[in-house]
Every structure is written in C-alpha cells, then in structure tokens.
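Below is one structure, written out as structure tokens; comments come after it.
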Amino acid sequence: MRIIISPAKKMNRDTDTLAPTGIPEYLHRTSQLLRAMGELSFSEAKMLWKCNDKIAELNYDRIRDMDLERDLTPALLAYEGIQYQYMAPAVMEESQLDYLEEHLRILSGFYGILKPFDGVVPYRLEMQAKLKTEQAEDLYGFWGSSLYDSLEKETDCILNLASKEYSKCIEKYRKPEMRYVTVVFGELRDGKVVQKATMAKMARGEMVRYMAQHQIEDVEEIRNFSGLSFGYAPEYSDDNKFVFVSQNGGQNKK
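The structure is reproduced here in structure tokens:
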C-alpha cells in the first residue's frame with residue numbers, strides 16, 4: 001500500500017532536525033522546470049504563481065539562486081501546511097518515520113513524487129500552474145503518467161489522501177488491477193456529505209499520523225479511524241471510497 005498526499009504552498013528550510021536520506025526520483029526533470037521558470041520575467045512568474053508582490057519577490061529570488069543539491073530539507077519537514085501540522089512528523093518516533101518513508105508519497109508540481117526523506121528546497125509551483133516547457137503546455141502534460149508509473153512499481157493498492165488537483169495525476173492513468181481508495185472527510189447537510197477544505201486537510205494529516213502510529217498495512221483497517229471526532233460512514237462508502245463523517249457538526253479542534 002502507498003498513501004498519496006498533496007504538498008503545501010508554505011515551505012521552510014530545516015537542515016538541523018533530521019537529515020535527508022534520498023534524492024527525488026525525478027530530480028533531472030525538476031531541473032528542467034527550474035530552467036523554464038528561470039526564463040520568466042517577474043510579471044510572468046507572478047502570474048504563474050498567482051500571488052502578491054511580496055511572495056512573488058521571495059520566490060523569484062529563490063529560483064535565481066536555487067541549488068537543487070545543497071541545503072536540503074527532508075520533504076516531510078519542508079512543508080508547513082495544515083495537513084503537515086496535524087501529521088506532526090517532528091515529534092514522531094523512529095518506527096513511525098520509518099513507516100512513512102516506506103508507505104507515504106508526496107505529489108509535487110516541482111518534484112513529481114517524493115518519499116518523506118527525499119531532500120528538497122523551498123519552491124512555489126502548484127500542479128495546476130500553467131508552466132510551459134519544451135515537453136508540454138502545463139505540468140499535467142509534463143509529468144504525464146510518470147507519477148503513477150512510480151507507484152505501480154511499488155504497490156497494488158493506493159490510498160488517496162490528496163486533493164483533486166494532485167490526485168488527477170494518478171487517476172487518469174490508473175489501471176484496473178490497481179486498487180485505488182479515496183478517503184472523504186465531511187459533515188452531513190440535508191442528507192449529503194459536504195467536505196470543507198480546512199477540515200479535510202486537518203483530518204488527512206491526522207489519518208496519516210494514525211496509520212504511522214498503528215503501523216497499518218491493510219487499507220481496510222483505516223475504517224477504525226476516529227480522530228478529530230470523525231467516524232466511518234458505511235452507508236456513504238463503497239470499496240473505492242471510504243467516507244468519514246464528523247460526529248460534532250464539523251467543530252473539530254486539535
């Protein structure tokens with residue numbers, strides 16, 4: 001089983017807590033994307049990133065000075081979004097980190113696919129960004145089936161905890177023999193399950209942590225997850241979609 005998650009926009013550099021142990025599988029292709037971004041004017045880069053001047057200036061400076069092989073941070077510690085805060089990898093035990101290194105994969109517009117301890121640098125490039133390269137008109141075309149191909153070599157079961165922006169990179173190429181389970185976190189409204197982005201990010205991080213704590217190897221075992229007052233809802237689920245419904249009206253707190 002492999003668990004797929006999205007990256008986060010906010011990143012940091014931490015070369016002290018834990019050392020990276022690997023390099024990204026598609027680093028040579030990341031170099032191609034870096035070159036493509038390096039050819040953009042400031043205004044073009046700002047449009048690509050869809051951000052304000054301050055963030056654009058930070059990232060424009062980054063790509064001009066970026067070294068993909070120095071001052072690296074393990075991917076798991078480099079991302080600072082809500083999902084990663086609830087995962088809390090910095091306080092995990094070694095056995096839990098080992099579990100994540102084997103089972104968890106982070107999808108990335110810049111790096112393609114990452115193991116938790118692959119060394120990365122801070123960047124800004126969402127998968128849906130319209131970055132043209134010699135190979136394609138956008139990143140979905142640039143990466144093609146590469147990310148799915150990487151997973152297919154390792155497993156016959158994928159647990160999808162990624163957003164649609166990233167999971168579509170996998171779903172488009174999925175073969176029938178690959179079991180693919182998507183997890184949905186939501187609350188009931190008028191008999192329908194409604195998902196809120198922030199709540200879903202919190203729950204995804206909490207579920208990854210739960211799986212590491214319990215060393216889960218069988219995807220069916222995640223039905224027992226009850227973090228943040230969520231509960232498995234069999235009446236809304238099927239073999240390829242596990243739905244978890246908030247038991248307290250969505251008022252989840254850490």
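Just so it is clear: in the sequence shown, position 21 is 21 by full-length UniProt numbering, and no numbers are missing.
Glycine residues also receive a C-beta, built at the ideal position from the N, C-alpha and C atoms.
### Task
Look at the alpha carbon of R105 and the alpha carbon of G81, and state the distance between them as a whole number of angstroms.
Translated into positions along the sequence shown, residue 105 becomes position 105. Translated into positions along the sequence shown, residue 81 becomes position 81. Approximately 16 angstroms between the Cα atoms of the pair.
### Query
Whose C-beta lies closer than 7 angstroms to the C-beta of A162 among residues of the same chain, with five residues either side of it excluded?
As a working note, residue 162 is residue 162 in the sequence shown. For A162, where only same-chain residues beyond five positions count, the Cβ hits under 7 angstroms are I4, I5, S6, L107.
### Message
My assumption, with CB atoms under 8 angstroms, is that M178 sits in contact with E152. Please give the rounded CB distance.
### Response
Along the sequence shown, read from residue 1 onward, the residue named residue 178 stands at position 178. Along the sequence shown, read from residue 1 onward, the residue named residue 152 stands at position 152. Indeed they touch by this definition, with Cβ atoms about 7 angstroms apart.
### Task
Could you tell me the boundaries of the alpha helix (DSSP H) in which Y60 lies?
Your numbering for residue 60 matches position 60 in the sequence shown. First-last of the alpha helix (DSSP H) with Y60: 53-65.
### Message
Tell me whether the segment 198-205 and the segment 164-173 touch, counting them as touching only if at least three CB pairs, one residue from each stretch, are closer than 8 angstroms.
### Response
no
### Task
Go ahead and pull the three-state DSSP assignment for T155.
To locate residue 155, count along the sequence shown from 1; it is residue 155. It is coil, neither helix nor strand.
### Message
So for R124, helix, strand or coil by DSSP?
### Response
Numbered from its first residue, the sequence shown carries residue 124 at position 124. In the structure shown, R124 sits in coil (DSSP, three-state: anything other than H, G, I, E or B).
#### Entry: Candidates L68, E220, R2: closest to Y26 by CA position
Position 26 of the sequence shown, counting from 1, holds the residue named residue 26. Measuring from the Cα of Y26, the nearest candidate turns out to be L68.
### Per-residue DSSP class, three states only, for M37
Within the sequence shown, the letter at position 37 stands for residue 37. Looking at M37 - three-state DSSP - the assignment turns out to be helix.
### Task
Using only alpha-carbon positions, find the residue among Y236, G22, H28 that is nearest to V183.
Position 183 of the sequence shown, counting from 1, holds the residue named residue 183. When each option's Cα is compared against that of V183, the closest is Y236.
### Task
Under the assumption that L114 contacts P24 (Cβ atoms under 8 angstroms), give the Cβ distance between them as a whole number of angstroms.
Here residue 114 refers to the residue found at position 114 of the sequence shown. Here residue 24 refers to the residue found at position 24 of the sequence shown. The Cβ separation is near 6 angstroms, so the contact holds.
### Task
Ignore the nearest five residues each way along the sequence and tell me which others in L58's own chain have a CB closer than 6 angstroms to its CB.
In the sequence shown, counting from the first residue as 1, residue 58 sits at position 58. Answer for L58: no residue qualifies.
### Task
Measure the alpha-carbon distance for P234 versus F242 and round it to whole angstroms.
Numbered from 1 along the sequence shown, position 234 holds the residue referred to as residue 234. Numbered from 1 along the sequence shown, position 242 holds the residue referred to as residue 242. The straight-line gap from Cα to Cα measures roughly 8 angstroms.
### Query
For F185, does the three-state DSSP call read helix, strand or coil?
Reading the sequence shown from its first residue, position 185 is the one you call residue 185. Correct three-state label for F185: strand.
### Message
Using only the alpha-carbon positions, how far apart do M211 and V193 sit?
### Response
For the purposes of this step, residue 211 is taken as the residue at position 211 of the sequence shown. For the purposes of this step, residue 193 is taken as the residue at position 193 of the sequence shown. The alpha-carbon atoms of M211 and V193 are separated by roughly 24 angstroms.
### Assigned exposure category for Q215 - 16 Cβ within 10 Å defines buried
Start at 1 with the first residue of the sequence shown, and residue 215 comes out as number 215. Exposed is the call here.
### Query
Would the C-beta of K164 count as close to the ligand MG, meaning under 7 angstroms from any of its heavy atoms?
Summarising the ligand content, the structure contains no ligands, and the ligand MG is consequently not present.
### Query
If we ignore side chains and look at the alpha-carbon of each, how far apart do N12 and M92 end up?
Counting from one through the sequence shown, the residue named residue 12 turns up at place 12. Counting from one through the sequence shown, the residue named residue 92 turns up at place 92. Rounded to whole angstroms, N12 to M92 spans 19 angstroms at the Cα level.
### Query
Quick one: what's R105 bridged to in DSSP?
If you number the sequence shown from 1, residue 105 lands on position 105. According to DSSP, which records beta bridges pairwise, R105 is partnered with I4.
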